[in-house]
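Working notes, beginning with the structure itself.
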Amino acid sequence: MTATRFAPSPTGSLHIGNIRTAVLNWLFARSTGGRFVLRIDDTDRERSEERFVESIRADLAWLGLTPDAEVRQSARFDLYQRRFEELRAAGRVYPAYETAQELDLKRKVQLGRGLPPIYDRSALALSDAERARLKADGVRPHWRFKLDPGMIEWDDLIRGHQHFDAATMSDPVIRRADGSWLYMLPSAIDDIDLGISHVVRGEDHVSNTALQLQMFEALGAPVPAFAHAALLTGAEGKLSKRLGSLGVEHFRAGGIEPQAIVALLARIGTSDPVEPFADPAPLIAAFDFSRFGRAPARFDEGELAQLNARILHQRDYGAVADRLPAGIDQAAWEAIRPNLTTLADAADWWHVIEGPVEASVDAEDRDFLAAAHRIAGAIDWANDPWHALTNALKEETGRKGKPLFLPLRRALTGRDHGPDMAALLPLIGRDRALERLAAL
Ligand code: GLU
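Per this note's numbering, residue 3 is the first one in the sequence shown, and the count goes up by one each step.
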């Protein structure tokens, strides 16, 4: 049984980058019949806020990425403590007493000598007496995880074979002097405890993975599989700050459907085409980490808007009825659907059907429209009135093409473009059509 987790920190709203991580975790879990867990990474009590926990839940619900379970790290401190004690007993975590300034100075000295700024483990060299003195002085330690020497390797599902030499990495700080937890160890403990089989996240976590692999081993657990997705760039191809501010609120306000976001994020950065799937089933069925490339994935809001329109053009009336202006029925929906960019545009076309419309007419079309009014009063409205009207007008006036159709569209809708008149005219209906043709 596979299990994935999406692990946002509730220090802000989700943005397009972490929405993508959620989409990939959800798709993979669904494609393998596995579990998709929402893990709220709220170990940082100062920066975590309840309103962001709520907005994360609401955003996932809106996107249709329903978790099978939710856990909060703040409710799991007992577990972290237990596992920490085990690591401590085994000598895999150790107290360190340097202040931030001391560490900073050490790094500067190392860099000045052209050395990599790796923690020198001087805390491990302290004698028991020195440690006791620090304790007596009231100095509280922070805690580091002790890396084993050697190569750390794994086969990443997206990046392929990865290797890090532990000698090039600092023993990571896992716990602050006040006892609070940093991200690294609780995440590994949770992945073990929740049976996470696949850790799917952004490539900014690749070096964390090297460290966490040693934590899994130190905790006596099998290591999960890892997939690190390349990061997103803006449409210009550059890492863009703006992406960090694009969240569900922004997209929803712009009339973007959640299905469009999921369909786009499922495919950008892959070798599969972006396609307008309103139903995620084909995305789930075709999901495969081997389709993902290592180059950054381009997120283009223009592409999202186009995909959104293409998805709307296929949506069934039943799927959108509760969000349409009252009065739009199935026939009206099907007539106006091909002209929508966002669902909100439906109100404009409904207004065109219901009227009143403001139309203008060119002088040379006045007689033509008078003829149209006369014919419209005589045709059978129950049976394709648009073709009855235009065929009769063509025969009587000799007009065809644009001179035949455009003045009628203008008079009947007040616009030069719009839905197919054959679908629209029965919705406008006889009375309103006659009124509009007579008004000119
Ligand atoms: N809370 C971490 C983050 O948002 C989770 C990283 C992970 O997926 O392990 O970056």
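Ideal Cβ placement from N, Cα and C applies to all residues, glycine included.
A quick note: this is a predicted structure, and the numbers were derived from the prediction, not measured.
State yes or no: is the C-beta of residue i nearer than 8 Å to some heavy atom of the ligand GLU?
i      : result
Thr23  : yes
Tyr185 : yes
Val201 : yes
His17  : no
Ser189 : yes
Ser11  : yes
Asn310 : no
Asp158 : no
Asn341 : no
Asp43  : yes
His207 : yes
By Cβ distance, which residues of its chain are closer than 8 Å to residue i, with the 5 residues on each side in sequence left out?
i      : result
Gln261 : Gly66, Phe279, Ala280, Asp281, Pro282 and Ile313
Leu285 : Leu29, Val264, Ala265, Ala268, Arg269 and Phe279
Ala346 : Gly257
Ser247 : His17
Within the same chain, show all residues whose beta-carbon is closer than 7 Å to that of residue i, passing over the 5 residues directly before and after it, in chain order.
i      : result
Leu309 : Ala262, Ala265, Leu266, Val276 and Pro278
Ala440 : His375
Asn210 : Met186
Going along the chain, which residues of its own chain have a beta-carbon closer than 6 Å to the beta-carbon of residue i, five neighbours each way excluded?
i      : result
Gly249 : Ser15, Leu16 and His17
Ala71  : Val39
Leu426 : Ala337
Gln112 : Pro119
Whole angstroms is fine: what's the gap from residue i's alpha carbon to residue j's?
i      : j      : result
Gly420 : Asp350 : 11 Å
Ala179 : Trp145 : 7 Å
Asp318 : Pro428 : 20 Å
Asn449 : Phe301 : With the chain covering 3 to 442 only, the question about residue 449 has no answer from this structure.
Leu442 : Leu414 : 10 Å
Leu395 : Asp324 : 40 Å
Arg59  : Asp44  : 14 Å
Pro405 : Ser242 : 49 Å
Arg135 : Pro97  : 14 Å
Asp158 : Asp206 : 14 Å
Ala1   : Ile194 : The first residue shown for the chain is 3 and the last is 442, placing residue 1 beyond what the model contains.
His315 : Ala348 : 12 Å
Phe407 : Glu303 : 35 Å
Tyr121 : Ala311 : 54 Å
Arg412 : Ala380 : 21 Å
Met3   : Asp192 : 17 Å
Going by the C-beta, is residue i closer than 8 Å to any heavy atom of the ligand GDP?
i    : result
Arg7 : In the structure on display, the ligand GDP does not appear, and the ligands it does have are the ligand GLU.
Provide the residue(s) that pair with residue i in DSSP beta bridges, ordered along the chain.
i      : result
Phe8   : Leu40
Leu234 : Ala299
Val73  : Arg41
Ile154 : Phe166
Could you check whether the Cβ of residue i sits closer than 9 Å to any Cβ belonging to chain B?
i      : result
Arg109 : Checking the listed chains, one finds no chain B in this structure; it contains a single protein chain.
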